[in-house]
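Asks: Numbering (this note's numbering), first residue to last: 54 to 130. Ideal Cβ placement from N, Cα and C applies to all residues, glycine included. Once you've had a glance at the structure underneath, I'll fire off some questions.
Printed below as a string of structure tokens:
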């Protein structure tokens with residue numbers, strides 16, 4: 054492991070704007086993450102939803118060494 058922390062998978066979230074009233078945040082495979090009103094969506098809200106989803110993915114896939122807590126600490130530093 055490097056001094057910078059574990060290598061984490063890169064997730065390229067994207068916004069689905071196919072509906073003029075709703076903006077949907079999706080994972081690379083198209084999985085639903087969150088929906089926002091097209092009029093009320095903010096960058097901050099979308100970023101927060103992305104962070105929460107990514108943290109949940111890390112918790113789901115964390116190994117016995119607790120890599121997710123290490124990764125979260127390094128991301129918030």
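Starting from residue 87 and walking both ways along the alpha helix (DSSP H), at which residues does that stretch end?
Replies: It is not in any alpha helix (DSSP H) - residue 87 instead sits in the beta strand (DSSP E) that spans 85 to 90.
Asks: Using only CA atoms, which one of 113, 78, 84, 110 lies nearest to residue 96?
Replies: Per the Cα distances, 78.
Asks: Output the boundary residues of the alpha helix (DSSP H) element that contains residue 79.
Replies: Taken as a continuous stretch (DSSP letters only), residue 79 belongs to no alpha helix (DSSP H), being part of the beta strand (DSSP E) at 75 to 79.
Asks: Can you tell me whether residue 68 is buried or exposed, with buried defined as 16 or more other CB within 10 angstroms of its CB?
Replies: Classification for residue 68: exposed.
Asks: Secondary structure at residue 5, three-state DSSP: helix, strand or coil?
Replies: The structure shown does not extend to residue 5, since the chain is modelled only from 54 to 130, so the question has no answer here.
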